[in-house]
Amino acid sequence: AQSVTQLDSQVPVFEEAPVELRCNYSSSVSVYLFWYVQYPNQGLQLLLKYLSGSTLVKGINGFEAEFNKSQTSFHLRKPSVHISDTAEYFCAVSEVPGTASKLTFGTGTRLQVTL
Amino acid sequence: GAVVSQHPSRVICKSGTSVKIECRSLDFQATTMFWYRQFPKKSLMLMATSNEGSKATYEQGVEKDKFLINHASLTLSTLTVTSAHPEDSSFYICSAGRTSAQYFGPGTRLTVT
Chain A
507 AQSVTQLDSQ VPVFEEAPVE LRCNYSSSVS VYLFWYVQYP NQGLQLLLKY LSGSTLVKGI
567 NGFEAEFNKS QTSFHLRKPS VHISDTAEYF CAVSEVPGTA SKLTFGTGTR LQVTL
Chain B
20 GAVVSQHPSR VICKSGTSVK IECRSLDFQA TTMFWYRQFP KKSLMLMATS NEGSKATYEQ
80 GVEKDKFLIN HASLTLSTLT VTSAHPEDSS FYICSAGRTS AQYFGPGTRL TVT
């Protein structure tokens, strides 16, 4: 069975500072990894995904993530955050590629950006 | 592309009544959609996989007779919460798959009084 761990429930950061949101996963097979962002009272928006190929994945809004197989991690980074990045961020994993694949989510990390 | 809508966005109902939530893929066809439930400040819990033209697949612990799912077309799945009770109050989110990722609807806030 697959699982996802987001160790940080909250990450406070000042505007224009860099940020890293941590995600570790466990799985017995190959995985496909995703980061989603959720703004208050809204659904989830896909930030980026790793399916294969380059381990450094660039997404929307200036975010990027790096797949590290040996450390079973997929940390999300942004070099300079904005107030508008304040939201809940979810890491998710799937063991099957394709549109019918179930996702297992981490518990989420609340990114709080302040002036 | 890959827009998913949900209706209604909010609904308040009385205990014992049933509520239907619609999930539509607006610009693509989805043979598979997923229904999630999210508790306050919690992650998403997969409730069931909705398959077009066949029965839904429910996750362990989810009552299929209480949460009825119908996937009648390639762009529409519905979730009906039957005989709703206050403990069913939650944020329900659907998703549809396209190009190896899931795209989520905006969610439906259900409050049962």
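Chains A and B supply the protein sequences, listed in that same order. Counting the first sequence from 1 gives a position; the numbering used here is that position plus 506. Counting the second sequence from 1 gives a position; the numbering used here is that position plus 19. The beta-carbon is built from N, C-alpha and C at its ideal position, and this holds for glycine as well. Fair warning: this is a prediction, and the values are worked out from it, not measured in the lab.
Quiz item: So B:Gly116 and A:Ser607 are in contact, right, with Cβ under 8 Å, and what is the actual spacing, rounded?
Solution: 7 Å
Quiz item: What is the rounded straight-line gap between the Cα of A:Gln577 and the Cα of B:Ser92?
Solution: 42 Å
Practice problem: With 9 Å as the threshold, decide whether the Cβ of B:Phe58 is near any Cβ in chain A. | Solution: no
Quiz item: Alpha carbon to alpha carbon, what distance is there between A:Trp541 and A:Val535?
Solution: 19 Å
Quiz prompt | Continuous beta strand (DSSP E) stretch holding B:Asn89: start and end | solution = 86-92
Quiz item: Do you know how far the Cα of B:Met52 is from the Cα of A:Ile566?
Solution: 24 Å
Practice problem: Anything in chain B within Cβ reach of A:Gln548, meaning under 8 Å, just list it in chain order. | Solution: Pro125, Gly126
Quiz item: Should A:Phe611 go down as buried or exposed, given a rule of 16 or more other Cβ atoms within 10 Å for buried?
Solution: buried
Quiz item: For a contact meaning CB atoms closer than 7 Å, what does A:Gly500 contact in chain B?
Solution: The question about residue 500 of chain A has no answer, for chain A in this structure spans 507 to 621.
Quiz prompt | C-beta neighbour in chain B for A:Phe580, strict 9 Å | solution = no
Quiz prompt | Per-residue burial, A:Ala507 [other beta carbons within 10 Å of its own, 16 or more giving buried] | solution = exposed
Self-check item: Between the CA atoms of A:Gln551 and A:Gly614 - distance to the nearest angstrom
Solution: 14 Å
Practice problem: Could you tell me whether any Cβ in chain B is nearer than 9 Å to the Cβ of A:Leu562? | Solution: no
Quiz item: Beta-carbon of A:Thr511 versus every beta-carbon of chain B: anything under 9 Å?
Solution: no
Practice problem: Along the beta strand (DSSP E) that carries B:Ser44, what are the first and last residues, could you check? | Solution: 38-44
Quiz item: Are the segment 118-127 of chain B and the segment 545-559 of chain A touching, with three or more C-beta to C-beta distances below 8 Å?
Solution: yes
Quiz item: Residues in its own chain within less than 8 Å of B:Thr127 by CB, not counting five upstream and five downstream?
Solution: Gln25, His26, Pro27, Ser28, Arg29, Val30, Ile40, Phe110, Tyr111, Ile112
Self-check item: Inter-stretch contact (C-beta, 8 Å, three-pair minimum) for the segment 521-533 of chain A and the segment 574-594 of chain A
Solution: yes
Exercise. Over the uninterrupted beta strand (DSSP E) stretch that includes A:Gly559, give me the two end residues.
Key: Here A:Gly559 belongs to no beta strand (DSSP E), and DSSP marks it neither H nor E.
Self-check item: Coil, strand or helix - B:Ser24 by DSSP
Solution: strand
Quiz item: So A:Val519 and A:Val587 are in contact, right, with Cβ under 8 Å, and what is the actual spacing, rounded?
Solution: 6 Å
Exercise. Express the C-alpha separation of B:Thr94 and B:Ser44 in angstroms, rounding to a whole number.
Key: 5 Å
Quiz item: Can the beta-carbon of A:Asn530 be found closer than 9 Å to that of A:Ser579?
Solution: yes
Quiz item: Any idea which residues DSSP pairs A:Arg616 with across the strands?
Solution: A:Gln516, A:Glu594
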